[in-house]
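Trainee:
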Amino acid sequence: MKLEEFLRLNAPEDLAALTAAVAKASLEVWGSIPFKTGLLEETNPSGEAQKAIDVYSNDVFVEALIATGHAAEVASEEMEEPVESKGGVSVAMDPLDGSSNVETNNPLGSIFGFYSDRLPASGRRLAGALYVTYGASLTLTFSFGKGVHRFVALREGAGTSFQLFGVGLKLPEKPEVYGFGGSRSEWIPAVARFWDSFDGRGLRNRYCGTFVGDYNQVLARGGIFSYPALVKRPKGKLRVLYECAPMAYINEQAGGYASDGSGNVLDIEPRALAETSPLYIGSAGLVHEIEKSISPT
Ligand code: AFP
């Protein structure tokens, strides 16, 4: 089944249009990655250096989302303020996650949260979420609240279409992989202890430095990804609106749990667009285990 047909049958009109727009635009971003790797003078609202591909992918997705007529606003990790429009869905995005990995050709991604309230808003106000992986394949993984589904881009002659890969994706029962961002010496002690506990538990350390790539393998194999609280950065690195909440929404639809170290990421009420949070996401048992270790009460 092709993406357009699936969306017509399984998504509200606005989310279907926004998802189809992201799908089309993601092909343009994918094709541009090798040509737009230069480092720019500017920094994003989080103070991180921007690459040409960060800005280019941002502009491609903003244009595609606004053109649907369904976006009330588009907020991005790469912009100080949202672009306002006239639709009914507030879109928050990380247009190119992992851009520091462009030179090494590690997996990259894009993350989208479709919120039913103006931003900033809690993850409980998500009507849907989507992530793109740019790797050996380009895949779209998304949920509108009734399970997690995936499409893969297939080149056919001169064109490319999105074909169904799977519906109702679920985290496997047995967790297999773990990956933590930052470095062990930076982590809060409870995280370092949890990390050390993996010796002898039969899980494999899998970390690629891109949240989307690191989470995508957790969804496939079970386990946990974290960009944890750091001693010098207790609020972690990942942005609530653009990264943590949309991925927590998808993960919860796949049977998992995502914590900020004391409770469900989806319950966070961000006060600022670029607010960050520690993130522990994946198989519910493992995430509850580290949450209890960090916040024992
Ligand atoms: P970039 O988009 O700047 O490459 O950052 C990617 C990211 O936000 C997230 O995708 C990774 O999990 C995390 O940073 C990796 O951060 P470290 O490079 O500090 O490990």
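So the sequence shown is numbered by the numbering used here: it starts at 52 and just counts up by one.
All C-beta atoms, glycine included, are put in the ideal place defined by N, C-alpha and C.
Please read these numbers as outputs of a predicted model, since none were measured by experiment.
Should leucine 90 be labelled buried (16 or more other beta-carbon atoms within 10 Å of its own) or exposed?
Mentor: Flag for leucine 90 reads exposed.
Trainee: Measuring from the CB of leucine 289, is there a heavy atom of ligand 1 at a distance below 7 Å?
Mentor: Yes; taking the cut-off as 7 Å, the Cβ of leucine 289 has a heavy atom of ligand 1 nearer than that.
Trainee: With which residues is phenylalanine 231 paired in a DSSP beta bridge?
Mentor: Ser277
Trainee: Taking the C-alpha atoms as reference points, what is the distance between asparagine 109 and serine 77?
Mentor: When the Cα atoms are used, asparagine 109 and serine 77 turn out to be separated by approximately 11 Å.
Trainee: Rank Ile345, Tyr278, Tyr300 by C-alpha distance to the C-alpha of serine 328 and give the top, closest one.
Mentor: Tyr278
Trainee: Okay, do the segment 220 to 231 and the segment 66 to 83 touch, 3+ Cβ pairs below 8 Å being the bar?
Mentor: Taking a cut-off of 8 Å for Cβ pairs, the segment 220 to 231 and the segment 66 to 83 do not touch, as fewer than three such pairs fall below it.
Trainee: Starting from arginine 40, trace the alpha helix (DSSP H) in both directions and tell me its first and last residue.
Mentor: The question about residue 40 has no answer here: the residues shown for the chain are numbered 52 through 348.
Trainee: According to DSSP, is glycine 174 part of a helix, a strand, or is it coil?
Mentor: helix
Trainee: Give the range of the beta strand (DSSP E) segment to which proline 146 is assigned.
Mentor: 140 to 148
Trainee: Can you pull the DSSP bridge partners for lysine 102?
Mentor: Leu90
Trainee: Say whether chain C places a C-beta atom closer than 8 Å to the C-beta of valine 269.
Mentor: Looking for chain C here will not work: only one protein chain is present.
Trainee: Do aspartate 265 and ligand 1 come close, with the Cβ less than 7 Å from some heavy atom?
Mentor: yes
Trainee: Can glutamate 99 be considered in contact with ligand 1, in the sense that its beta carbon sits closer than 7 Å to one or more heavy atoms?
Mentor: Because some heavy atom of ligand 1 lies under 7 Å away, the Cβ of glutamate 99 counts as near it: yes.
Trainee: Please classify threonine 348: is it buried, with 16 or more other beta-carbons within 10 angstroms of its beta-carbon, or exposed?
Mentor: By the 10 Å Cβ count, threonine 348 comes out exposed.
Trainee: Do you know whose CA, among Asn157, Arg169, Lys283, Gly307, lies nearest lysine 137's CA?
Mentor: Arg169
Trainee: Would you say the beta carbon of glycine 149 comes nearer than 7 Å to a heavy atom of ligand 1?
Mentor: Yes, Cβ of glycine 149 sits closer than 7 Å to a heavy atom of ligand 1.
Trainee: Measure the alpha-carbon distance for valine 125 versus leucine 324 and round it to whole angstroms.
Mentor: Going by the C-alpha atoms only, they are around 11 Å apart.
Trainee: As a quick exercise: from Gly174, Ala67, Glu131, pick the residue whose alpha carbon is nearest that of proline 321.
Mentor: Gly174
Trainee: Short check: CB of valine 269 to CB of alanine 296, under 8 Å?
Mentor: no
Trainee: In chain order, which continuous runs of the beta strand (DSSP E) of length 3 or greater are located wholly inside the segment 174 to 251?
Mentor: 177 to 185, 189 to 194, 200 to 207, 210 to 217, 228 to 231
Trainee: Within 7 Å: the Cβ of threonine 88 and any heavy atom of ligand 1?
Mentor: Not under cutoff, so the answer is no.
Trainee: For alanine 74, which residues from the same chain have a beta carbon less than 7 Å from its beta carbon, with the 5 sequence-adjacent residues on both sides left out?
Mentor: Leu54, Leu191, Phe213
Trainee: Using a threshold of 8 Å, state whether the C-beta atoms of valine 142 and serine 161 are closer than that.
Mentor: no
Trainee: Within 10 angstroms of the Cβ of glutamate 64, are there 16 or more other Cβ atoms? Answer buried if so, exposed if not.
Mentor: exposed
Trainee: Please identify the residue among Glu135, Ala115, Gly149 whose C-alpha is closest to the C-alpha of glutamate 99.
Mentor: Gly149
Trainee: Starting from serine 310, follow its DSSP beta bridges and name the residues at the other end.
Mentor: Asn315, Tyr331
Trainee: Is phenylalanine 30 a contact residue of ligand 1, with contact defined as CB to any heavy atom under 7 Å?
Mentor: Within the shown structure, residues of the chain are numbered from 52 to 348, placing residue 30 beyond reach of any answer.
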